[in-house]
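**Q** My questions all concern the structure below.
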Amino acid sequence: MKPARAYAADFAGMPPSDSVALVEGRGGEPTIKSGGVLLHSRYQPREEAARLVDSAELDLKRPVAVIGCGLGYHVAELVSRGVAVAVFEPDPAVAALAVQHVLRDSDVPLAVGDVDEFSGCEGFQSFARQIPQVLVHPPTARIHPAYCVAAAAAISKAALGSQRLRVAVVGPMYGGSLPIAGYLERAFRKLGHVSLLIDNAPAWDLYKHTTESVKNKQASSQLGSMFSHFVGEWTYGRVMEFAPDICIVMAQAPVGPKFPLRLSALGVVTAFWYVENWRHLPYWKQVAPYYDCFFHIQPGEFEQRLTDAGCHCHAFIQTACDPDVHKRAKLTPDEQKEFGCDLSFAGAGYYNRIQMFKGLTDYNFKIWGVDWIARELIPLLCRPGQRFTPELFGKIASASKINLNLHSSTFCEGVDPQCDAINPRVFEIAACGGFQLCDPCVGLDRLFDFDSELPVYRDLRELRSRIDHFLAHPDERAAFAERARTRTLRDHTYETRASQMLDVLLDKYGARILRKGIRIQRTVAEMVERAGTDTPLGRYLARLPQDVLFTQENINNQLTAATRPITEPEKVFAFLREVRNFTEMLLEYKS
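Here the sequence shown stands for residues 70 to 660, numbered as in this note's numbering.
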């Protein structure tokens, strides 16, 4: 990127373009035509430019990245209003005419040509660090749509990639996605973002009591709907108080279809993570079209179904493991006795699992979970009816010689050959260091190597053969488990998934986040560096925990009773605390 006027010499010898030409305007000022499309009005191009800037509703105190130079009328309008501007133009012939006419005396930075070429230069990175808004020139977007999308994505990533975004994760009251919500929120926090889990689990017991205590089905259903609406409004209030840049809603979260629309109207980017099988639970049809992006775990047929349902942005994001939770368990002798076995399964008793496991009752086999109703399997049940926690799951996976994994089906007798919804258990067992035999769910071979990391079976006969082989070869079993664990911790953590989500969202909606603006947040250590260790503020901050965010709340938590002479920075922070407390008290009094 260099000033527009600096390009004059570069463009001086450029041969004329057959597709780009200067056109005499009917109001006395020229316009430009590219590929048969007029880039400005023939009559009043400057007034048109003013209307474009006004309609964009930009914050004129912040920089603007203009994608599409045209002849430069809209760029000149922004400059006249005191805005810091940088311009990105795909066509050198268009840029040449701009610097020879409207921008001939301008020092506005101009990047011309391929996005990949200019996005790596220091001038571009320096401008992006100012968190600019993005303004796309509409005629340029019609002629070069792919360029405009790529340029906006490059600007967004460069501007936001190193920033701490505010990410809210909305969890359900109950169900399989409940723990995943916590894993995902923690993953964003580990990546350095400011995250908040909207935990709706405390509402579950009251919801269940409310609906189950009324015997009339219609009345119970109405009460359930009313309660869900209340929890949805409660969720909305907590999200808005947090003021996120991005809000990710988990499957079965208690929010209605209008929830993402209310957030989007305020500039919040919304996403839904559907970590369920679309064939079993069809409510996705009522949800997917309303979110900015719909994440799912089943690539292939489902993606076309989503498009047909009006979902304009969807992406495959697999579940994973949380290494802080899913890890090798240290077992006491009593725990080893309780959990140790040749064969184990932890999960619900779906039809295909019951039918398959009836053929394994001659092994030292322990089953954990709910809904196991078959008479033949009841003797194998451990803690019948108890749902297991992640801690309990880790003990099961660590103590079992072989952990079975069989993806659920309500109609197959055993392995469902069409199953394409890989369950989290695959990654969780591996992260715990457990050896695993799994059915070959569609797509699983892209995540693990069947010959060295995750052996599979296709029917009961093959499963029994694999069990017998690996029980007789503990060293081979341990080697498989360690390779699977290494692969999982490298490729299949929720931090990886959170990064994948951000890549998708910033590519598609980074410009919206830039338009809204973000709250710049730094750690105490970063503020020490900015203030300098030789200043009173720097010396005071150096005494505080260095990895916490530099926020008034965190600083207030560090202020102690005055049992010693306090420093000037402490006096200032204490004064600010009192001002805030007084203001909040005043607002509460007025309300």
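Where is the CB? At the ideal position from N, CA and C, for every residue including glycine.
This one's a predicted model, so the numbers in the text were calculated from it and none came from an experiment.
Are the segment 125-141 and the segment 195-203 touching by the rule of at least three beta carbon pairs closer than 8 Å?
**A** yes
**Q** Let me confirm a value: K435 is counted as buried when at least 16 other C-beta atoms fall within 10 Å, else exposed. Which label applies?
**A** Looking up residue 435 in the sequence shown gives position 366. In summary, K435 is buried, with 16 or more beta-carbon neighbours lying within 10 Å of its beta-carbon over all protein chains present.
**Q** By DSSP's criteria, C501 is part of a beta bridge. Which residues make up the other side?
**A** Here residue 501 refers to the residue found at position 432 when the sequence shown is read from its first residue. Its beta-bridge partners do not exist; DSSP assigns none.
**Q** Could you tell me the distance, in whole angstroms, from the CA atom of Y419 to the CA atom of T479?
**A** As a first step, residue 419 must be located in the sequence shown, where it is residue number 350. As a first step, residue 479 must be located in the sequence shown, where it is residue number 410. Their backbone Cα atoms lie some 6 Å apart in a straight line.
**Q** Consult DSSP for Y343 and reduce its assignment to one of helix, strand or coil.
**A** In the sequence shown, residue 343 corresponds to position 274, counting from 1. Correct three-state label for Y343: strand.
**Q** Under the assumption that L375 contacts A357 (Cβ atoms under 8 Å), give the Cβ distance between them as a whole number of angstroms.
**A** As a first step, residue 375 is located in the sequence shown; it is residue number 306 there, counting from the start. As a first step, residue 357 is located in the sequence shown; it is residue number 288 there, counting from the start. Right, the Cβ-Cβ distance comes to about 6 Å (below 8 Å), so this counts as a contact.
**Q** Could you give the distance in angstroms between the alpha-carbon of N285 and the alpha-carbon of T279?
**A** The residue labelled residue 285 in the question sits at position 216 within the sequence shown. The residue labelled residue 279 in the question sits at position 210 within the sequence shown. The C-alpha of T279 is placed about 12 Å away from the C-alpha of N285.
**Q** Counting Cβ pairs closer than 8 Å, one from the segment 377-387 and one from the segment 439-450, do we hit at least three?
**A** no
**Q** Return the bridge partner residues of V308 from the DSSP annotation.
**A** Stepping through the sequence shown from its first residue, residue 308 is reached at position 239. For V308, which the question treats as bridged, DSSP gives no partner whatsoever.
**Q** Quick one: complete alpha helix (DSSP H) runs, 4+ long, within the segment 193-221?
**A** 207-212
**Q** Under a three-way DSSP split, which group does K226 fall into?
**A** Counting from 1 along the sequence shown, the entry for residue 226 is found at position 157. Helix, per DSSP.
**Q** Check whether the Cβ atoms of A389 and T555 lie closer than 9 Å to each other.
**A** Position 320 of the sequence shown holds residue 389. Position 486 of the sequence shown holds residue 555. Cβ distance not < 9 Å, so A389 and T555 don't count as in contact.
**Q** If you measure between the beta carbons of R111 and G139, is that distance less than 9 Å?
**A** As a first step, residue 111 is located in the sequence shown; it is residue number 42 there, counting from the start. As a first step, residue 139 is located in the sequence shown; it is residue number 70 there, counting from the start. No, the pair does not count as a contact, with Cβ atoms beyond the cut-off.
**Q** Confirm, please, whether the CB-CB distance from P368 to D544 is below 9 Å.
**A** For the purposes of this step, residue 544 is taken as residue 475 along the sequence shown, with counting starting at 1. For the purposes of this step, residue 368 is taken as residue 299 along the sequence shown, with counting starting at 1. No; because the gap between Cβ atoms is not below 9 Å, this pair is not in contact.
**Q** Taking all protein chains shown into account, do 16 or more other C-beta atoms lie within 10 angstroms of the C-beta of D66, making it buried, or fewer, making it exposed?
**A** Limits of the chain in this structure are 70 at one end and 660 at the other, which puts residue 66 out of reach.
**Q** Would you say the segment 525-533 touches the segment 469-485, given that touching needs at least three Cβ pairs under 8 Å?
**A** Taking 8 Å as the limit for Cβ pairs, the verdict is that the segment 469-485 does touch the segment 525-533.
**Q** To test your reading of the DSSP string, which unbroken beta strand (DSSP E) runs of 3 or more residues are found completely within the segment 459-499?
**A** 469-474
**Q** For the alpha helix (DSSP H) that V593 lies in, which residues bound it at each end?
**A** By one-based count along the sequence shown, residue 593 stands at place 524. V593 to A600 is the extent of the alpha helix (DSSP H) around V593.
**Q** Could you work out which residue in I624, P329 and P605 is closest to P614 when comparing CA atoms only?
**A** Against the sequence shown, residue 614 aligns to sequence position 545. Selected option, being the one with the closest Cα: I624.
**Q** Helix, strand or coil for F296, going by three-state DSSP, please let me know.
**A** Numbered from its first residue, the sequence shown carries residue 296 at position 227. Helix, per DSSP.
**Q** Which same chain residues, not among the five before or five after K464, have their C-beta less than 7 Å away from its C-beta?
**A** If you number the sequence shown from 1, residue 464 lands on position 395. Closer than 7 Å at the Cβ level, and outside the excluded window around K464, lie A398, L400, E404 and F408.
**Q** Which residue from N433, V184, E126 and R211 puts its Cα closest to that of G105?
**A** Residue numbering aside, residue 105 sits at position 36 when the sequence shown is read from its first letter. For G105, the nearest C-alpha among the options comes from R211.
**Q** Hey, how far is the Cα of S231 from the Cα of A611?
**A** Looking up residue 231 in the sequence shown gives position 162. Looking up residue 611 in the sequence shown gives position 542. Between S231 and A611, the C-alpha separation is close to 23 Å.
**Q** In terms of alpha-carbon separation, which member of F642, V573, M83 and T620 lies closest to K226?
**A** Residue mapping note: residue 226 aligns to position 157 of the sequence shown, counting from 1. Of the listed residues, the one whose Cα sits closest to K226 is V573.
**Q** Express the C-alpha separation of M319 and C410 in angstroms, rounding to a whole number.
**A** Within the sequence shown, the letter at position 341 stands for residue 410. Within the sequence shown, the letter at position 250 stands for residue 319. It is roughly 35 Å from the alpha-carbon of C410 to the alpha-carbon of M319.
**Q** Could you check which residue in A600, E598 and T592 has the C-alpha nearest to that of D616?
**A** By one-based count along the sequence shown, residue 616 stands at place 547. Residue T592 is the option with its Cα nearest to D616.
**Q** If you draw a straight line from the C-alpha of Y563 to the C-alpha of F462, how long is it?
**A** Translated into the one-based positions of the sequence shown, residue 563 becomes position 494. Translated into the one-based positions of the sequence shown, residue 462 becomes position 393. If I take the Cα positions, the gap works out to 18 Å.
**Q** E622 to A167, Cα distance in whole Å?
**A** On the sequence shown, residue 622 is found 553 positions in, with the first residue counted as 1. On the sequence shown, residue 167 is found 98 positions in, with the first residue counted as 1. Near 50 Å, if we compare the C-alpha coordinates of A167 and E622.
**Q** Restricting to Cα atoms, I'd like to know which of K259, A153, Y142 and R150 is closest to L172.
**A** Your numbering for residue 172 matches position 103 in the sequence shown. Checked all of K259, A153, Y142 and R150; the closest Cα to L172 is Y142.
**Q** Measure the C-alpha to C-alpha separation of S413 and M654 and round it to an integer number of angstroms.
**A** Here residue 413 refers to the residue found at position 344 of the sequence shown. Here residue 654 refers to the residue found at position 585 of the sequence shown. Their backbone Cα atoms lie some 58 Å apart in a straight line.
**Q** Contact defined as beta carbons within less than 8 Å: I believe G182 pairs with P159. What is the distance between those atoms, to the nearest angstrom?
**A** Reading the sequence shown from its first residue, position 113 is the one you call residue 182. Reading the sequence shown from its first residue, position 90 is the one you call residue 159. With 8 Å as the limit, G182 and P159 qualify as a contact, their Cβ atoms being about 7 Å apart.
**Q** So, with DSSP's three-state summary, where would you put V163?
**A** As a position in the sequence shown, residue 163 is number 94, starting the count at 1. It is helical.
**Q** By Cβ distance, which residues of its chain are closer than 7 Å to L91, with the 5 residues on each side in sequence left out?
**A** The residue labelled residue 91 in the question sits at position 22 within the sequence shown. Cβ neighbours of L91 beyond the five flanking positions: P99, I101 and L166.
**Q** With distances taken Cα to Cα, identify the nearest neighbour of G245 among R456, S568, M596 and I589.
**A** Within the sequence shown, residue 245 is the residue found at index 176, counting from 1. Taking only the C-alpha atoms, the option nearest G245 is R456.
**Q** Since L14 sits in a beta bridge, which residues does DSSP pair it with?
**A** There is no way to answer for residue 14, as the model of the chain reaches only from 70 to 660.
**Q** First and last residue of the beta strand (DSSP E) that includes M319?
**A** Here residue 319 refers to the residue found at position 250 when the sequence shown is read from its first residue. Element bounds for M319: I315 to M319.
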